[in-house]
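Below is one structure, written out as structure tokens; comments come after it.
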Amino acid sequence: VREFVLQKVYLLRRPKTNVQILQQSSLLKNKYFVRFLRQHGQDVYQEVRSEYVTIVSRIYTSHFRTYLSAMEKLLLPAASQADTLGAQEGGGGPAVNMLNLFKKDGGAKSSTEQVFQLGERGALLLDLDKAPVVPHMAEAENRKFTYEVIFRSVHKLLLDTASSEFFFCLDFFEEEGVFKELFAAMIQEQVFQLGERGALLLDLDKAPVVPHMAEAENRKFTYEECAQATAGHRLL
Numbered sequence: 007v008r009e010f011v012l013q014k015v016y017l018l019r020r021p022k023t024n025v026q027i028l029q030q031s032s033l034l035k036n037k038y039f040v041r042f043l044r045q046h047g048q049d050v051y052q053e054v055r056s057e058y059v060t061i062v063s064r065i066y067t068s069h070f071r072t073y074l075s076a077m078e079k080l081l082l083p084a085a086s087q088a089d090t091l092g093a094q095e096g097g098g099g100p101a102v103n104m105l106n107l108f109k110k111d112g113g114a115k116s117s118t119e120q121v122f123q124l125g126e127r128g129a130l131l132l133d134l135d136k137a138p139v140v141p142h143m144a145e146a147e148n149r150k151f152t153y154e155v156i157f158r159s160v161h162k163l164l165l166d167t168a169s170s171e172f173f174f175c176l177d178f179f180e181e182e183g184v185f186k187e188l189f190a191a192m193i194q195e196q197v198f199q200l201g202e203r204g205a206l207l208l209d210l211d212k213a214p215v216v217p218h219m220a221e222a223e224n225r226k227f228t229y230e231e232c233a234q235a236t237a238g239h240r241l242l
């Protein structure tokens, strides 16, 4: 029984294997062997359980790392350097730059103002359940997406994957612990870690960044820090 069940699990290691299809077509059909091992052979059951967690967590981590990398190449820039808050218009030095932060034009809206408008991005809220973007198809069609679309697509894929895996683990192993261990191992990978970005939550009231000062100091910021600075400036 041990060899039979392990061989079924090892099928997941084959290149380009569709995990969900193999789970439904092969593994679930043999779930009663797993139940037998859990009741009469705990040592073997733990071995099968451990092998499954290790293999599948690596597969999902690899898939999501590849997906994130591909989606980053499809990102549509939201603004250029000329659209940054406080960007210098002509000469005038730092004093003029500071005034540009609070400059208001009476005529048509500037490109900087348009950058911070919601625009068509609000339509994303009507398509939250839409299927995730398929990177190679989007690239073939020369399509680009805003950060919001990519964010939704990545999290939709993560949600679908986690939901499918949760119900499989509950059916195949008849316990939630396998799912928790599997995804804990995956989330701990660098691809999903917040790193220093998590510290941003402690500085939500921090004064907005002054672009020309940051540029003079050769400082760079994450997307999250830029979003926080932008929100802080617009609330002034």
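In the working numbering, the protein residues as written are 7 to 242. C-beta: ideal position from N, C-alpha, C; glycine also. All figures in this text were calculated on a predicted structure; none of them were measured in a lab.
Sub-8 Å separation of residue i and residue j beta-carbons
i      : j      : result
Arg149 : Leu134 : no
Phe173 : Leu80  : no
Arg8   : Val50  : yes
Tyr73  : Leu163 : yes
Glu181 : Arg41  : no
Cβ-based burial, residue i [other Cβ within 10 Å; buried from 16]
i      : result
Pro83  : exposed
Ile27  : exposed
Arg55  : buried
Pro141 : buried
Leu208 : Reliability of the predicted coordinates at Leu208 is poor, the pLDDT of 46 falling under 50, and the value obtained from them is presented with this limitation in mind. Per the 10 Å Cβ criterion, exposed.
Phe10  : exposed
Gln48  : exposed
Residue i versus residue j - alpha carbon distance
i      : j      : result
Asp177 : Lys37  : 8 Å
Ala144 : Tyr153 : 15 Å
Leu17  : Met192 : 20 Å
Val184 : Cys175 : 6 Å
Val25  : Thr67  : 13 Å
Glu221 : Phe70  : 33 Å
Glu57  : Met77  : 30 Å
His218 : Ala168 : 43 Å
Phe39  : Gln29  : 15 Å
Leu43  : Lys136 : 40 Å
Gly201 : Lys226 : Because Gly201 sits at a pLDDT of 47, beneath the cut-off of 50, its placement in the model cannot be relied upon, and the following sentence gives the value as read from the coordinates. Gly201 and Lys226: Cα-Cα distance of roughly 16 Å.
Ile156 : Val139 : 8 Å
Ala146 : Pro21  : 24 Å
His46  : Ser75  : 45 Å
Gln194 : His161 : 16 Å
Close Cβ partners of residue i (< 6 Å) along its chain, the five nearest in sequence each way excluded
i      : result
Leu188 : Val59, Val62, Ser63
Three-state class that DSSP yields for residue i in the structure shown
i      : result
Leu134 : coil
Gly112 : Here Gly112 scores only 49 on pLDDT, less than 50, and its place in the model should not be relied on; the value that follows carries that caveat. Of the three classes helix, strand and coil, the one that applies to Gly112 here is coil, per DSSP.
Leu81  : strand
Phe151 : strand
Ala101 : At Ala101 the pLDDT is 46, less than 50, meaning the model places this residue with poor confidence and gives no usable figure here.
Gln194 : coil
Val216 : coil
Lys35  : helix
Glu145 : helix
Arg225 : coil
Close Cβ partners of residue i (< 7 Å) along its chain, the five nearest in sequence each way excluded
i      : result
Ser243 : Nothing about residue 243 can be read from this structure; the chain reaches only from 7 to 242.
Ser170 : Gln26
Ile65  : Leu18, Val25
Neighbourhood of residue i by C-beta distance below 8 Å, restricted to the same chain and skipping five residues each side
i     : result
Leu34 : Phe174, Asp177, Phe178
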